[in-house]
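Asks: The numbers in the numbering used here rise by one with no breaks, and the one at position 170 of the sequence shown is 156.
For each residue, glycine too, the CB sits at the ideal point set by N, CA and C.
Since this is a predicted model, take the numbers as computed values, not measurements.
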Amino acid sequence: MGNHQKLLNFLRPDPAAVAACSPRSFSSSSASVSDDDGYSCSSYPTTDGDASPSRYGGSSTPPTPKSPWAHLPGLGAGGAVAEPGATGLIASLVKEDGHVYSLAATGDVLYTGTDSRNVRVWRDQRELAGFRTASGLVKAIVVADDGRIFTGHQDGKVRVWRADADNPAVHRQVGSLPKLKDYLKSAVNPTSYVETQRRGRQRAVWLRHSDAVSSLSLNEGAGLLYTASWDRTFKVWRLSDSKCLESVSAHDDAVNTVAAAGFESVVFTGSADGTVKVWRREMAPKGDATRHVLETVLRKGEGAVTAIAVSPEDRVVRDTAVCSRATGWR
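1) Just to check my reading of the structure: T255 and A214 have Cβ atoms closer than 8 Å, yes? What is that Cβ distance to the nearest angstrom?
2) Taking just the CA atoms, how far does D197 sit from Q140?
3) What is the DSSP secondary structure of L79, reduced to helix, strand or coil?
4) Residues in the same chain with beta-carbon distance under 8 Å from L193, minus the five sequence neighbours each way, listed in chain order, please.
5) Using 7 Å as the cut-off, classify the Cβ of A236 as near or not near the heavy atoms of the ligand MN, replying yes or no.
6) Looking at the unbroken alpha helix (DSSP H) that takes in A173, where does it start and where does it end?
7) Which class does T73 belong to by DSSP, given the choice of helix, strand or coil?
8) Specify the secondary structure class of R267 as computed by DSSP and reduced to three states.
9) In whole angstroms, give me the CA-to-CA distance for T176 and R218.
10) For S196, does the three-state DSSP call read helix, strand or coil?
11) Quick one: what's got a C-beta closer than 8 Å to V264's C-beta in the same chain, skipping five residues either side?
12) What are the start and end residues of the beta strand (DSSP E) that includes E232?
13) Between D101 and L123, which are expected to be in contact by the criterion C-beta below 8 Å, what is the C-beta distance as a whole number of angstroms?
14) Starting from W223 and walking both ways along the beta strand (DSSP E), at which residues does that stretch end?
15) Which first and last residues belong to the beta strand (DSSP E) in which Q159 is found?
16) Considering only the alpha carbon of each residue, which of A190, S200, K81, G93 lies closest to I127?
17) Going straight from the alpha carbon of F249 to that of P298, what length do you get?
18) Flag this pair as yes or no: are the beta carbons of R267 and T276 separated by less than 8 Å?
19) In the DSSP assignment, what are the bridge partners of H85?
20) Tell me, which residues are paired with A290 by DSSP?
21) Can you tell me which residues form a DSSP beta bridge with S121?
22) Would you call E288 buried or exposed, if buried means 16 or more other Cβ atoms sit within 10 Å of its Cβ?
23) Mapping the DSSP letters down to three states, classify G178 as helix, strand or coil.
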């Protein structure tokens, strides 16, 4: 069976997944050369007095039993974990510094991004630390296996952070995408400019997003980072050297979410134009560049798509839209 037919079989709508899917099951990553390349420390470790304790609701487990969050103290009667399959609110983490636009979990650590340009770091349901960005509210966060933290911002930039090896409560900016030298090299080349779809159809360097970065997704196996933007494109970055390999004009309106499937070189994008598109990564004829081709359109219309979640193990894809409708494919 060819790859195309296999993908079509996988993507057939699953009635059970659609029926079981609830609008509350999803969270959205969000609906100029700056001074970022100074890479200074930008952290504010908190004390016990500043820690924000959780507020518990119910005694249930998260939907993923293997998650480290399933074994946090205080969940269930007498600290015991509730029965597998139970659902409900585990806890609420509260910090009064703006709307939360993005979340990312790695191990027992949770990162939250807000419109106040702060990224909060939580462990054991208490605030461990935080760091502040130079500009642009934090619309997306993703954490790589090597410890790098990527944040996507309203100003169209992606910033890269690392926790200090000796003091994990301290985070330092170690880079940004695109890198300054790559941007300047492209800026002096007239062929590097493209017409943007937003902001009055201005011309901009192709390797930099011209509008807010709305979503981030990693394909660690391929060594790639995907960034989606309201400029109607998604871009592909190589993790090893932070080089932008490709920019894809993906939708007729803002791209709100991107998700690398982790299998068969497939990537999903969701947009304010109401569509969910499936892309397949191919190797370009020249060198090690990539080329993404449109495989199929899963969904059309019915409200802007705000989030996509992929389960590689179960090969299930789900999306949610502003019309509060959730859809699943298997």
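Replies: Let's see:
1) 6 Å
2) 7 Å
3) coil
4) P164, D168, Y169, S172, S178, K221, C230, S233
5) Only the bare structure without any ligand can be found here, which leaves the ligand MN out of the picture.
6) 166 to 173
7) coil
8) strand
9) Reading off the sequence shown, one finds Pro at residue 176, where the question assumed Thr. For P176 and R218, the distance between alpha carbons rounds to 22 Å.
10) coil
11) L(-7), L(-3), V252, V253, F254, L280, E281, T282, V283, L284
12) 229 to 235
13) 4 Å
14) 219 to 224
15) 157 to 163
16) S200
17) 7 Å
18) yes
19) Partner(s): none; H85 has no beta bridge.
20) Beta-bridge pairing links A290 to no other residue.
21) In the DSSP output, where bridge partners are listed per residue, S121 has none listed.
22) exposed
23) Reading off the sequence shown, one finds Ser at residue 178, where the question assumed Gly. Looking at S178 - three-state DSSP - the assignment turns out to be helix.
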